Structures are given as C-alpha cells and as structure tokens.
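For the sequence shown, the working numbering begins at 9 and goes up steadily by one.
Working notes for the structure below.
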Amino acid sequence: MNIILAQIEDASVIHNVMLQAFKEYEHATPPSSALSETIESIEQAMKKGEHAFIGFIDEQPVAMVRFTLSAQGIYFFRLSVIPEKQGQGLAKALIAEIEKFARTKGKTISECKVRMSVPRNIELYRSLGYVVTKEGKAENLNGFSLSVATMEKQLIN
C-alpha cells in the first residue's frame with residue numbers, strides 16, 4: 009500500500025473511503041457520526057489543522073486515517089479501510105505511518121478513542137501496544153452519548 013499525506017483537495021477521497029468503511033455502523037446504536045460528515049466538513053477541519061493519510065493500492069484509495077497534533081502527541085480518528093480490503097493489515101500500516109509521522113514531529117504519545125461496543129477495534133490497538141487509559145461516555149457529532157475507551161501508546165524514538 010502506498011500511503012500519502014492528504015491535501016485539502018483530497019477531502020472527497022477521504023470522505024468516500026470513510027463512508028464505505030463506516031457503512032457497517034449505520035444501524036449501530038447510536039449510528040456513527042462519521043456517516044453525517046460531508047466533504048465540506050472535512051475541508052473545514054483540514055483548514056483548521058486536521059491532517060489525514062490515504063492509502064492506495066493500484067492507485068485506488070482503500071484506506072485512510074485522520075489526525076491532529078497536540079503539544080505532546082498525535083490523536084487519530086476515523087481510521088477507515090474499505091470493506092473488501094479489511095483484514096489485510098492495512099489499518100496496522102496506517103497506524104505505523106501515524107506513529108512514524110508523530111515521532112518525526114517530536115511527539116511522545118499516540119492516542120485514539122474506540123467504541124466499547126466494537127471489541128475487535130480495541131483488540132487491534134492492544135495488539136499494537138495501545139492500552140486503555142480511560143473509559144467513559146462521549147458525545148458524538150450527532151449529539152448521541154456512547155461508551156468509549158481512550159487508548160494510548162507511548163512512542164519511543
């Protein structure tokens with residue numbers, strides 16, 4: 009997989025990959041707020057400092073992850089792999105890219121939030137060295153409350 013750092017012009021690609029990946033959560037309780045995002049909302053977020061990586065296979069976008077940087081760390085979210093490419097290590101490759109990028113920026117922590125109702129995602133992050141640092145409720149962009157785990161990994165240069 010070829011991974012690139014996205015530009016604002018790539019918002020439609022980011023949006024398309026995200027919608028394909030999150031479609032499985034449209035009937036979840038509550039449904040994922042990722043499905044309510046628009047190309048314009050992604051463009052606006054990127055103008056305010058959000059970043060994304062997009063993964064391509066044979067020049068076709070198949071995966072992406074969005075992230076922000078803070079003083080000490082990187083926070084990633086909306087990790088997305090299109091359904092027909094899931095289970096092939098693409099999410100792990102994107103997380104490795106996130107961690108490498110964070111280290112080059114002098115960051116020492118990688119963090120994400122995971123729905124407690126999706127244990128396979130918690131296990132994915134655990135397998136990569138992430139630990140649950142907090143469990144609680146969070147409100148998604150649609151105003152629904154859901155149980156989430158905050159997971160972190162210490163990044164060592």
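We put the beta carbon where it would ideally sit given N, CA and C, even for glycine.
Keep in mind that this is a model prediction, so the values were computed, not measured.
Helix, strand or coil at residue i [DSSP, three-state]
i	result
alanine 157	strand
valine 25	helix
glutamate 143	strand
serine 88	strand
leucine 77	strand
serine 118	strand
methionine 72	strand
tyrosine 83	strand
alanine 60	strand
Limits of the beta strand (DSSP E) - the one that residue i falls within
i	result
leucine 13	10-13
leucine 163	Unbroken run through leucine 163: none, as it is neither H nor E.
Supposed contact pair residue j and residue i - C-beta distance, whole angstroms, cut 8 Å
i	j	result
phenylalanine 61	isoleucine 11	5 Å
valine 140	proline 69	That pair is no contact at about 31 Å.
isoleucine 82	isoleucine 106	6 Å
Burial state of residue i, where buried means 16 or more other Cβ atoms lie within 10 Å
i	result
arginine 86	buried
leucine 13	exposed
histidine 23	buried
alanine 42	buried
alanine 99	buried
aspartate 18	buried
Residue of the options minimising C-alpha distance to residue i
i	options	result
lysine 145	Gln94, Glu34, Val156	Val156
isoleucine 117	Lys93, Phe109, Arg123	Phe109
proline 91	Ile47, Met124, Thr158, Tyr33	Tyr33
alanine 71	Arg111, Ala79, Lys93	Lys93
methionine 124	Leu102, Gly137, Met159	Met159
leucine 132	Ser153, Leu102, Lys113, Leu154	Leu102
Extent of the continuous alpha helix (DSSP H) to which residue i belongs
i	result
methionine 54	47-55
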